[in-house]
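*Asks:*
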Amino acid sequence: MVEESSLAALLRSQRAAAGLTQEGLADRSGISVRTISDVERGLRKTVYRHTAQRLASALALVGAERDEFEGIARGSARRGPRALAPEKRVLAAPGARVPTPPTTLVGRERELEIVAAALADEDIRLLTLTGPGGVGKTRIAIEAARRAEHHGGTKPRVFFVPLSWTAEPLVGSTVAVAMGVTSTKERIAEAIGEALHLDPALLVLDTFEHVIGAAGFVRELLGRCSRLKILVTSREALRLSGEHEIVVPPLGFHRKDRGSGPEAIRADPAVELFFQRASAVRRDLVIDDASALVLRDICGSLDGLPLAIELAAARVKHLSLEALREMLDMPLRVLVGGPRDLPKRHQTMRDTIAWSYGLLDPDEQSLFRRLSVFAGGWTLDAATALADEGVTAVTLQHMSGLIDKSLVYLASPFQRDVRYSMLDVIREFGLERSEGAGEMGSFRQRHAEFYLSLAEKAEPGLGGAGQGNWFRRLETEHDNLRAALAWLTRTKDTKRALRLAGALWQFWRRQGHFSEGRMWLREALSIDRDKLHAARAKALWGAGWMAFVQGDYEEGEALSAELIQIAREHRAPLDERNGLTILGMILMGRGQFHRAMEPFARALELCWPLGPSWHLATSHLNLGMSKMHAGELKGAKQLITRARRMYQDIGDEHFEARSLGYLGYAALLAGDSRQAESLFVASLEAFRRLEDLQGIAEGLEGLAAVTASNANSQSAATSAHLAGAAQSIRHQLTA
Ligand SMILES: Nc1ncnc2c1ncn2[C@@H]1O[C@H](COP(=O)(O)OP(=O)(O)O)[C@@H](O)[C@H]1O
Ligand SMILES: [Mg+2]
0 MVEESSLAAL LRSQRAAAGL TQEGLADRSG ISVRTISDVE RGLRKTVYRH TAQRLASALA
60 LVGAERDEFE GIARGSARRG PRALAPEKRV LAAPGARVPT PPTTLVGRER ELEIVAAALA
120 DEDIRLLTLT GPGGVGKTRI AIEAARRAEH HGGTKPRVFF VPLSWTAEPL VGSTVAVAMG
180 VTSTKERIAE AIGEALHLDP ALLVLDTFEH VIGAAGFVRE LLGRCSRLKI LVTSREALRL
240 SGEHEIVVPP LGFHRKDRGS GPEAIRADPA VELFFQRASA VRRDLVIDDA SALVLRDICG
300 SLDGLPLAIE LAAARVKHLS LEALREMLDM PLRVLVGGPR DLPKRHQTMR DTIAWSYGLL
360 DPDEQSLFRR LSVFAGGWTL DAATALADEG VTAVTLQHMS GLIDKSLVYL ASPFQRDVRY
420 SMLDVIREFG LERSEGAGEM GSFRQRHAEF YLSLAEKAEP GLGGAGQGNW FRRLETEHDN
480 LRAALAWLTR TKDTKRALRL AGALWQFWRR QGHFSEGRMW LREALSIDRD KLHAARAKAL
540 WGAGWMAFVQ GDYEEGEALS AELIQIAREH RAPLDERNGL TILGMILMGR GQFHRAMEPF
600 ARALELCWPL GPSWHLATSH LNLGMSKMHA GELKGAKQLI TRARRMYQDI GDEHFEARSL
660 GYLGYAALLA GDSRQAESLF VASLEAFRRL EDLQGIAEGL EGLAAVTASN ANSQSAATSA
720 HLAGAAQSIR HQLTA
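Using numbering that gives the first Met the number 0, read the sequence shown as starting at 0 and increasing by one per residue.
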């Protein structure tokens, strides 16, 4: 027998407290599922240092708990006696973790001290870093968040939410999804408050200037979460009472020693940043008496703005320092044009970008303008689709040129599909230029078409084997998909807007983006009522279904009635089946099980002739469910068993897991609580593997029902616990 290793038990309990599956932990930590599974089964009793550190970070362990974990994982400590299981934690969704910048931080100790002091101050709940684009707000926020996460006195949970691409009305639901809480608009702040409970937490809202109208949500959130602090970066303050604003100065602003020798000059962080970036492209660079002065002048004319410094330093590859100083010394705005009435640092930033852009060759300029329509980064094939030549090698060559000049950066150099991105100030400049050249409409249209084709390629993949990869892919591209939807609805491209929203709704549903999904579907459906029944039908299906899930039965009924009507008019049996299905679901939701059997039976008839499919399987399941609730147990069991087999054949693990749970209920109602229990456990296991919250809630409720059926007082208490856990998960999902 393998002896139970203390690391095995520790990892299992910490993982459970974090609410993660083995796959989820693997995803967050970058450690293979195989390793995690080996450790948990006691096959490996220790791990390498970096593995231990990554696991601890992914589990959000801090302080003594973290030390203990790392010690045991390295085999250098033993586990002390511990009566209690680790406390449950709310973890940031994978997309809401604090990013790791690819370069080292230069200077900013003073600013970080000020931020840390403010975060430690009980009276300050909202801290806003303001300043022009490129001054280094995000960089300071990232560093402050990392320090708070690892060393903060209260060990807060840290959530980092970039808002550059979020529509103002969706700020609340975006924050909620990032914190793993899914809810509707009205009660989001409250739901987050309940999920966080009294845990200390730090929420970083990056790039708030894009959604400044959502300041009210920030106020409400602070009111609901008594131990939450919010750190905002924004070009302007939120103007909320109690807001503590820190204006981010240029690099080196606090320096006292301003001597003129190389040593003193090198100690200036602005010069240091320039030197680091320039040395990356020219290894022979040294700071001697002569070059020190030139560097000081260059950084001076760039106002110590980090982004301007990075752009200028990238040019040192082909320009001497003196030549660079001379170029930057000229009144730039005379050279490059553009608005003149901006505040000084803002103006310097713009001028430097314009200068850098002016030095590109025309092909690079053209690609740069195209790339600025991407939201939240892009892949090489997306960039190629937008380029005129459409040849990957050529696009890559020009993109490398833009990377060399610091206009584009590698966002995820270590992943298989490399992503590229642009900082917002640079991107805004690119958009202005493409608008000026009258090209923006055509770029945006191509962008939208590219993501429409991606979504339509993903759609069939969401319901079968390999679905996890497709969900991840769409989540990574969510900002681009949003941008595409915004463009298509704005230009009233009804057909594509409906197709895109229709292709995405299953993704929104599964990832918990209910409010957002319904918003886009509503917009797409409101464009044009009379045409395009096929695309419209799919969007109606999604909107109706999500309205049902969020308990909005009236809207769901109206949507399904419209769907059934247009399906009959156009003789589209599958659409009619979908409309009838929503109707049946709502009847079930209202407790009218007998009545629900009718639309479900009709739905099943409609998809029989169409051959095996997810729809056919699900229609079996639905009719089976209504029969079960109406007391027709035998028929119910047959139908659900058949559904389960069909899901197995098409590789839909979610619905297979769901069917298991329903069979559990059928067994329970038939009086076989042992079989019911094993079916619920199997279903729960599968849902945990799939990280499906709603499914987990259903599984827990099933087990609660089994326990409750074994009537004694002990099991009644257990049952209440299980039901309560299920209830709280559900509350997050549909509140
Ligand atoms: N202290 C610093 N050390 C190193 N790089 C920095 C520093 N501050 C800013 N940068 C770099 O300068 C660029 C602009 O900074 P960023 O934080 O994005 O500005 P903002 O958020 O104010 O627009 C980024 O590439 C960032 O990595
Ligand atoms: Mg920023």
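Using N, Cα and C, we set each Cβ at its ideal position, and we do this for glycine too.
Since we're looking at a predicted model, the values are computed, not measured.
Applying the criterion that 16 or more other CB atoms from any shown protein chain within 10 Å of the CB defines a buried residue, is Pro268 buried or exposed?
*Replies:* Classification for Pro268: buried.
*Asks:* Let me confirm a value: Glu262 is counted as buried when at least 16 other C-beta atoms fall within 10 Å, else exposed. Which label applies?
*Replies:* Exposed, because fewer than 16 other Cβ atoms sit within 10 Å of the Cβ of Glu262.
*Asks:* Helix or strand or just coil, what does DSSP make of Glu690?
*Replies:* Residue state, collapsed to three classes: coil.
*Asks:* Quick one: what's got a C-beta closer than 7 Å to Arg687's C-beta in the same chain, skipping five residues either side?
*Replies:* So the qualifying residues of the chain are Thr20, Ile695.
*Asks:* Leaving aside the five residues before and after Asp527 along the sequence, list all residues of the same chain whose C-beta is less than 6 Å from its C-beta, in chain order.
*Replies:* Cβ neighbours of Asp527 beyond the five flanking positions: Thr493.
*Asks:* Taking the alpha-carbon of Ser371 as reference, which of Tyr661, His397, Phe442, Ala311 has the nearest alpha-carbon?
*Replies:* Nearest C-alpha to Ser371: Phe442.
*Asks:* Short check: CB of Gly501 to CB of Ala447, under 8 Å?
*Replies:* No, they are not a contact pair.
*Asks:* Considering only residues of the region 132-193, which uninterrupted alpha helix (DSSP H) runs meet the minimum length of 4 residues and lie entirely inside it, listed in chain order?
*Replies:* Entirely contained in the region 132-193, the alpha helix (DSSP H) runs reaching 4 residues are, in chain order, 136-150, 170-177.
*Asks:* Do Val170 and Val210 count as a contact pair if the criterion is CB distance below 8 Å?
*Replies:* It is a contact, given that the beta carbons lie within the stated cut-off.
*Asks:* Have a look at Asp648 and Leu497 and give me their C-alpha separation to the nearest angstrom.
*Replies:* Computed Cα separation, rounded: 30 Å.
*Asks:* For Ser420, name the three-state secondary structure that DSSP assigns.
*Replies:* Note: Ser420 maps to strand in three-state DSSP.
*Asks:* I believe Val203 touches Ala140 by the beta-carbon criterion, under 8 Å. Please report the beta-carbon distance rounded to the nearest angstrom.
*Replies:* Sure, about 5 Å apart at Cβ, within 8 Å.
*Asks:* State yes or no: is the C-beta of Leu799 within less than 8 Å of the C-beta of Phe68?
*Replies:* Outside the displayed span of the chain (0 to 734) sits residue 799, for which this structure offers no information.
*Asks:* By a C-beta neighbour count over all protein chains shown, 10 Å radius and 16 as the cutoff for buried, is Trp607 buried or exposed?
*Replies:* Label assigned to Trp607: exposed.
*Asks:* Where does Arg11 sit, in a helix, a strand or coil, going by DSSP?
*Replies:* Arg11 falls in the helix class under three-state DSSP.
*Asks:* Where does Asp350 fall in DSSP's three states?
*Replies:* Reduced to three states, the DSSP call for Asp350 is helix.
*Asks:* Near Thr391, what residues of its chain come up, given a Cβ to Cβ distance below 8 Å and the 5 sequence neighbours on each side ignored?
*Replies:* If we look at Thr391 and ignore the five residues flanking it on each side, its Cβ neighbours are Leu379, Asp380, Thr383.
*Asks:* Tell whether a beta-carbon distance below 8 Å holds between Ile740 and Leu323.
*Replies:* The structure shown does not extend to residue 740, since the chain is modelled only from 0 to 734, so the question has no answer here.
*Asks:* Would you tell me roughly how many angstroms separate the C-alpha atoms of Arg643 and Leu615, rounded to the nearest one?
*Replies:* Going from the Cα of Arg643 to the Cα of Leu615 covers about 11 Å.
*Asks:* Return the CA-CA distance between Gly133 and Val680, expressed in angstroms with no decimal places.
*Replies:* Rounded to whole angstroms, Gly133 to Val680 spans 53 Å at the Cα level.
*Asks:* Starting from the Cα of Thr347, find the closest Cα among Asp302, Ser405, Phe373 and give me that residue.
*Replies:* Residue Asp302 is the option with its Cα nearest to Thr347.
*Asks:* What is the DSSP secondary structure of Thr102, counted as helix, strand or coil?
*Replies:* Coil.
*Asks:* Mind checking who His243 pairs with in its DSSP beta bridge?
*Replies:* Answer by DSSP bridge pairing, in chain order: Leu126.
*Asks:* If you draw a straight line from the C-alpha of Leu334 to the C-alpha of Trp354, how long is it?
*Replies:* Residue placement at Leu334 is poorly supported in this model, since its pLDDT is 48, which falls under 50; the coordinates still yield a value, given next. Spanning the two alpha carbons is a distance of roughly 8 Å.
*Asks:* Between Thr137 and ligand 2, is the CB less than 7 Å from at least one heavy atom?
*Replies:* Indeed, a heavy atom of ligand 2 lies less than 7 Å from the Cβ.
*Asks:* Rounding to the nearest angstrom, what Cα-Cα distance links Ile30 and Ala266 in this structure?
*Replies:* Answer to the nearest angstrom: the Cα atoms are 40 Å apart.
*Asks:* Measuring only from the beta carbon, is Leu107 closer than 7 Å to any heavy atom that is part of ligand 1?
*Replies:* Reading the sequence as shown, one finds Arg at residue 107 and not Leu. Checking the Cβ of Arg107 against ligand 1 gives yes.
*Asks:* Leaving aside the five residues before and after Ala213 along the sequence, list all residues of the same chain whose C-beta is less than 7 Å from its C-beta, in chain order.
*Replies:* Once the five neighbours on either side are set aside, the close Cβ partners of Ala213 are Glu167, Val170.
*Asks:* Using a Cβ-Cβ cutoff of less than 6 Å, which residues in the same chain neighbour Leu201 once the five nearest sequence positions on both sides are dropped?
*Replies:* Once the five neighbours on either side are set aside, the close Cβ partners of Leu201 are Ala147, Pro155, Val157, Lys228.
*Asks:* Going by other Cβ atoms of all chains shown within 10 Å of its Cβ, with 16 needed for buried, is Lys736 buried or exposed?
*Replies:* Because the chain is modelled from 0 through 734, residue 736 falls outside the range shown and cannot be assessed.
*Asks:* Where Leu573 and Phe599 are concerned, what is the direct C-alpha to C-alpha distance, given to the nearest angstrom?
*Replies:* If you take the alpha carbons of Leu573 and Phe599, they lie about 13 Å apart.
*Asks:* Cβ of Ile264 within 8 Å of Cβ of Ala291?
*Replies:* Yes, these two residues count as a Cβ contact at 8 Å.
*Asks:* Strictly by DSSP, which residues pair up with Val737?
*Replies:* The chain is shown from 0 up to 734; residue 737 falls before or after that span and cannot be answered.
*Asks:* Start and end of the alpha helix (DSSP H) containing Ile526?
*Replies:* Unbroken run through Ile526: none, as it is neither H nor E.
*Asks:* Indicate the three-state DSSP secondary structure (helix, strand or coil) for Ile229 in the structure shown.
*Replies:* Three-state DSSP puts Ile229 in a strand.
*Asks:* In whole angstroms, what is the alpha-carbon distance linking Tyr47 and Glu39?
*Replies:* Taking the straight line joining both Cα atoms gives about 15 Å.
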